[in-house]
Amino acid sequence: MKPIMLQGHERSITQIKFNREGDLLFSASKDPKPNVWYSINGERLGSYDGHSGTVWCIDVKWDSSLFISGSADQTMRIWDVETGTSNTTLEMKTSVRGVSFSYSGTMIAYTTDKMMGHNSELNIIDVREPNNVDSTPIMKTQVTPTYTKALSVLWGPLDEYVVTGHEDGSIIKWDMRTGKEVGQEHSKQIKDMQLSHDGMMLITASKDTTARLWDISNLEAMKMYKTDRPVNSAAISPLVDTYPHVVMGGGQEAMDVTTTSSRIGKFDARFFHLVFEEEFARVKGHFGPINSICFHPNGRGYASGGEDGYVRVHVFDDAYYQFKFDF
Amino acid sequence: MRVQGGHTPPPLSQAAAANMAKKNKAKLLDNEDDGGQEEEEPDFSDPEDFVDDITDEELLGDLLRQKPKETDGVESVIIVDGVPSVGAERLDKLKNVVRKIFKEYGTLINEFYPTNEEGKTKGYIFLEFKDRAAAEEAVRQRNNYKLDKQHTFLCNLFTDFEKYDNIPEEFVAPVPEPYKDLGNMSYYLLDENCFDQFSIIFDGGTTTAIYLNAVPEAIEIAKRERWTETYVRWSPRGTYLATFHGKGIALWGGEEFRQVQKFSHSGVQFIDFSPCEKYIVSFSPHVDQRSEEPQSIIIWDTRSGQKKRAFNAERPPIWPVFKWSSDDRYFARIWEECVSVYETPSFGLLDKKSIKVAGIKDFSWSPTDNILAYWIAEDKDVPAKVSLLSIPSREEVRTKNLFNVADCKMHWQKCGDYLCVKVARYAKAKREKTEVKYSGIYYNFEIFHMREKGIPVDSLEIKGEHTGLCMGTGKQQVRNHQRGSLWSWLGLRSMNGALEFIDTKDFQVMMSTEHFMATDIEWDPTGRYVASCVSWWGHKVDNAYWLWSFQGKILKRQTVDKFCQLLWRPRPPSLLSTQDIKDIKKNMKKYAANFEVQDKMRYSKASREIIEKRQKQMQTFTEYRKKIIEQFERDKEQRLRLRNGQDTDTLTSNENDYEEETVEFLVKKETVLVED
Chain A
1 MKPIMLQGHE
11 RSITQIKFNR
21 EGDLLFSASK
31 DPKPNVWYSI
41 NGERLGSYDG
51 HSGTVWCIDV
61 KWDSSLFISG
71 SADQTMRIWD
81 VETGTSNTTL
91 EMKTSVRGVS
101 FSYSGTMIAY
111 TTDKMMGHNS
121 ELNIIDVREP
131 NNVDSTPIMK
141 TQVTPTYTKA
151 LSVLWGPLDE
161 YVVTGHEDGS
171 IIKWDMRTGK
181 EVGQEHSKQI
191 KDMQLSHDGM
201 MLITASKDTT
211 ARLWDISNLE
221 AMKMYKTDRP
231 VNSAAISPLV
241 DTYPHVVMGG
251 GQEAMDVTTT
261 SSRIGKFDAR
271 FFHLVFEEEF
281 ARVKGHFGPI
291 NSICFHPNGR
301 GYASGGEDGY
311 VRVHVFDDAY
321 YQFKFDF
Chain Z
1 MRVQGGHTPP
11 PLSQAAAANM
21 AKKNKAKLLD
31 NEDDGGQEEE
41 EPDFSDPEDF
51 VDDITDEELL
61 GDLLRQKPKE
71 TDGVESVIIV
81 DGVPSVGAER
91 LDKLKNVVRK
101 IFKEYGTLIN
111 EFYPTNEEGK
121 TKGYIFLEFK
131 DRAAAEEAVR
141 QRNNYKLDKQ
151 HTFLCNLFTD
161 FEKYDNIPEE
171 FVAPVPEPYK
181 DLGNMSYYLL
191 DENCFDQFSI
201 IFDGGTTTAI
211 YLNAVPEAIE
221 IAKRERWTET
231 YVRWSPRGTY
241 LATFHGKGIA
251 LWGGEEFRQV
261 QKFSHSGVQF
271 IDFSPCEKYI
281 VSFSPHVDQR
291 SEEPQSIIIW
301 DTRSGQKKRA
311 FNAERPPIWP
321 VFKWSSDDRY
331 FARIWEECVS
341 VYETPSFGLL
351 DKKSIKVAGI
361 KDFSWSPTDN
371 ILAYWIAEDK
381 DVPAKVSLLS
391 IPSREEVRTK
401 NLFNVADCKM
411 HWQKCGDYLC
421 VKVARYAKAK
431 REKTEVKYSG
441 IYYNFEIFHM
451 REKGIPVDSL
461 EIKGEHTGLC
471 MGTGKQQVRN
481 HQRGSLWSWL
491 GLRSMNGALE
501 FIDTKDFQVM
511 MSTEHFMATD
521 IEWDPTGRYV
531 ASCVSWWGHK
541 VDNAYWLWSF
551 QGKILKRQTV
561 DKFCQLLWRP
571 RPPSLLSTQD
581 IKDIKKNMKK
591 YAANFEVQDK
601 MRYSKASREI
611 IEKRQKQMQT
621 FTEYRKKIIE
631 QFERDKEQRL
641 RLRNGQDTDT
651 LTSNENDYEE
661 ETVEFLVKKE
671 TVLVED
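For the record, the sequence lines run as chains A and Z. According to full-length UniProt numbering, the first sequence is numbered sequentially starting from 1. According to full-length UniProt numbering, the second sequence is numbered sequentially starting from 1.
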């Protein structure tokens, strides 16, 4: 499969996301302008102007009308996808590290960093009126000092709770009714969390060189995928019942890059069988560690964004569908 | 010191103590004033009927041991018998001769020549050296020294007489040490599948494990934490595993890897085994300043654990300092412009003299015969020389002068049939202060045909890189390993682990591959497998070992946490005769069929196990998914509510939502020239 290379960022990619239908791909990077592209041919639709620092995290509403981004300039912005105008800007005390639209799109959960005397926080705001957002959160929790700082956040399948991933490798489920539940399996920082297509399973990617599959309702760690490099991002294939695959991207920390082979495109995306926990394929191509990876919602391809500032969009060829493990 | 019985010396009562203190104080004051007036001293003597029930031995044991014995003062005296009987006129001459003979062992501080009534020396003399070590050495070296045809010196330590005197009348047979059954030390050779063993150290050096190189997966035989403190070494025939510890070395062997022997050598850093495993040499830079005995290098008897001989070494040494002949009979080192050859089991210098070779640079033993090959660097106008010496006769069987030599490396052929000397010759030499710089290096080979009469020498000039021997040009470090007719090259470190497998029969490169950042390669003892390793000691990530077939096909990539070292267990030389080997090769087809059947069975067993495991996993997962999907269905209503009645469960669930639009976009641009 020959991938489409999207060159639109000046610095390394921090996160990429498909919209629900898969026709748009949003990318955020360390330069302050997130971009949006047509995933079918790689044509860029436009970019969102307004941030003044690294954009750490992005999310798009289920109906592709609104786009949110969290940045190191200590703001979270809500944009109109089509026009690119920023309706709302919410000022925080520290960088915004994780953002997520609820299933219904009426609420946004976001987490902030722990810096300079300010604690890491988890906030939930109501966005039923996107142009008139009440900046007072309906829920606000100090994550630190009780726990380590929260870097990523996801909603449960029916908006009943929120799950956050933390710097010490733990994930916490914040349930309004039943209280907090903590799941600890990873030994180092959680770099990324993604939901399965039905929202019932969750995969976490960690710096401890493993990725784990969880059941979201009881925070039970079901599977573990082992590699030899820190995992920066992991995703579950939407075709989980016919092609139970998981893709992971990672690589050495930037400072250690000189000691690994930096020859052409050695950083690879690794495919594991979801059930057997065995690696079955690697796709090379990036010139630096992969920072974000996600499947196309139709399960027929995937996209990856790397430290090299490129986003590569792949479509699977027949070999992918024909590959079967013996059992 | 334990006091027996219930009787204790009366303790000084408090009052008496106080009294004493007062008295002393008064005494001091008095002394200050008058300086001399005597006060009554307190009485420390025991009461009259006090019986001391503590023996001297208990109280002063250590002092008693130092009690001057009869032999004191005479421990550095030796008695020499067999000295010529001379009269007074020739006594001085005799004394001079004796002095000359003995002075090399130490300073003589006393000599006594007893004479009989006629004034002639009795034939035995007493010599006293400055210290005992000198006396011992003199006895060792000069006992049975032939002065001339009629006189042979018989030397003994004076103290030996006491020892011999004290031999009990009854012969008491020494109690034999209980026989430690170590089991079959060579069990690993009996593995029916002929799998080789290898040791690996991982977890940053804390865990050592031994594996059997089985097909398809390596089987772990033994694993221990903290088995060694630094690294491990196998003995050359594979019988023992040596581990390093702060206090010394431990040897392990047998099927269960029990401790066979241990050697106490504090701070040991390097060890070396003799080729037949009879002896083990250890080096430690720690020197105990109190002892005058040499301690840096110690040679031990492997099986009994006895210390055989010790030497001093220059620090830090180029290890191994001692090189052994193939049958363990001799070992030699270069020391102060000489080759010192020692023989076993006496551990004395061969012929009591080192072989003086001025300018010697390096030497090596033939792997089969007791022949020493060495080379001397060139010195101004005298050309360099390669020489072959037969031991013990010290006969020079062959020499060859070489011109314009910068460096030489000697390589023996495995059967000792050929010696190949790789000579680095220079085109220009510049003398800079004390160093000489060579430029324009080119190589040629001198091949000594050992088995032919007169040992003819062939000179070969080789151009280009594909030679099969080590080339160290510039910054690359190339390591090669040979196994019969197959070679593998490994470019270490800066060369990024490029590996080449070369068939030396025709110098064809069979396979060119790489193991990024590999630090070591090791051939297994049979030559079937190569392991390339990335050691944690050299490189903090990607620690693993990769197994290749001898043709260069990758067989396995095994990542191990903080992997440090892999060493194959060596095998002793084959017991098969050449005729046997020829027969086996002829019947290879028959054997091969057998092996293939065995291999197939092994693989299918492995896959059956894997398949069963996978089926179980899939079953569990499908059950789980069923539950989830049921839950998902149940929640559908809620989802519809959350998204205002829109069914977004699948991409095609809401067909009305879709607008069809035809979009044209540029796919390819092609320019065709119609007419020129």
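Just so you know, even glycine gets a beta-carbon here, dropped at the ideal spot from N, CA and C.
Asked, Found
"Out of curiosity, what's the CA-to-CA distance linking K361 of chain Z and M410 of chain Z?", "11 Å"
"Establish whether the CB of I581 of chain Z and some CB of chain A are separated by less than 8 Å.", "no"
"Can you name, in chain order, every residue of its own chain whose Cβ lies under 7 Å from the Cβ of P456 of chain Z, other than the five neighbours on each side?", "H449"
"Does the beta carbon of F563 of chain Z sit closer than 8 Å to a beta carbon anywhere in chain A?", "no"
"With 9 Å as the limit, tell me which residues of the segment 531-564 of chain Z have their beta carbon closer than that to any beta carbon of chain A; keep them in chain order.", "H539, K540, V541, D542, N543, A544 and T559"
"Could you check where the beta strand (DSSP E) with N444 of chain Z kicks off and where it finishes?", "Y442 to H449"
"Helix, strand or coil for D175 of chain A? Go by DSSP, reduced to three states.", "strand"
"In whole angstroms, what separates the C-alpha of S264 of chain Z from that of Y279 of chain Z?", "15 Å"
"Could you tell me which of Z:D81, Z:S549, Z:S340 and Z:E111 sits nearest to V74 of chain Z, measuring between CA atoms?", "Z:E111"
"Taking E522 of chain Z as the reference, give the member of Z:T208, Z:D458, Z:D542 and Z:L499 with the closest Cα.", "Z:L499"
"From what residue to what residue does the alpha helix (DSSP H) around L94 of chain Z run?", "A88 to F102"
"Give me the residue from A:N131, A:G169, A:D126 and A:T111 with the minimum Cα distance to V143 of chain A.", "A:T111"
"Check whether the segment 336-345 of chain Z touches the segment 406-426 of chain Z, taking contact to mean three or more Cβ pairs, one atom from each stretch, closer than 8 Å.", "no"
"Quick check: the Cα distance between P145 of chain A and M115 of chain A, rounded to an integer number of angstroms?", "12 Å"
"Can you give the Cα-Cα distance for H51 of chain A and Y310 of chain A, rounded to whole angstroms?", "20 Å"
"Helix, strand or coil, according to DSSP, for R493 of chain Z in the structure here?", "Per-residue confidence for R493 of chain Z stands at a pLDDT of 42, beneath the threshold of 50, marking its modelled position as unreliable; the derived number appears in the next sentence. In the structure shown, R493 of chain Z sits in a helix (DSSP, three-state: H, G or I)."
"Give a yes or no on whether the minimum CB-CB distance between Q259 of chain Z and chain A is below 8 Å.", "no"
"For G123 of chain Z, which residues of its own chain have a beta-carbon under 6 Å away from its beta-carbon, when the five flanking residues on both sides are left out?", "V83 and S85"
"Along chain Z, in chain order, which residues have C-beta atoms closer than 7 Å to that of N298 of chain A?", "L651"
"Is the Cβ-Cβ distance between D192 of chain A and N232 of chain A less than 8 Å?", "yes"
"Which partner residues of N401 of chain Z appear in the DSSP bridge assignment?", "Z:K385"
"Find the nearest neighbour of L576 of chain Z within the set Z:I584, Z:Q646 and Z:V405, judged by alpha-carbon distance.", "Z:I584"
"List the whole-angstrom C-beta distance separating Y113 of chain Z from I101 of chain Z, where the pair is believed to meet the contact cut-off of C-beta under 8 Å.", "The Cβ separation is near 14 Å, so there is no contact."
"Three or more beta-carbon pairs under 8 Å between the segment 89-96 of chain Z and the segment 150-161 of chain Z, yes or no?", "no"
"Step through the CB atoms of chain Z and report whether any lies within less than 8 Å of the CB of residue 385 of chain A.", "In the structure displayed, chain A extends from 1 to 327; residue 385 of chain A sits before or after that span and is not available."
"Between R140 of chain Z and E277 of chain Z, what straight-line distance do the alpha-carbon atoms span, to the nearest angstrom?", "27 Å"
"In chain A, which residues lie with their C-beta within 7 Å of the C-beta of R614 of chain Z?", "F276, F325 and F327"
"Residues of chain A with CB closer than 7 Å to the CB of R643 of chain Z, please, in chain order.", "W62 and S104"
"Would you say I299 of chain Z and F347 of chain Z are within 8 Å of each other, going by their C-beta atoms?", "yes"
"Check I203 of chain A in the structure and name its three-state DSSP category.", "strand"
"Does any residue of chain Z bring its CB to less than 8 Å from the CB of N41 of chain A?", "yes"
"Run down chain Z in chain order and give the residues with a C-beta less than 8 Å from the C-beta of E21 of chain A.", "L651"
"Classify I40 of chain A as helix, strand or coil using the three-state DSSP reduction.", "coil"
"Is the segment 209-220 of chain A close to the segment 301-320 of chain A, with three or more CB pairs under 8 Å?", "no"
"Taking only the alpha-carbon atoms, compute the straight-line gap between F316 of chain A and L239 of chain A and give it to the nearest angstrom.", "13 Å"
"Kindly list the residues whose CB is nearer than 7 Å to the CB of W155 of chain A, restricted to its own chain and excluding five residues on each side of it in sequence; keep chain order.", "S100, S102, Y103, A109 and V162"
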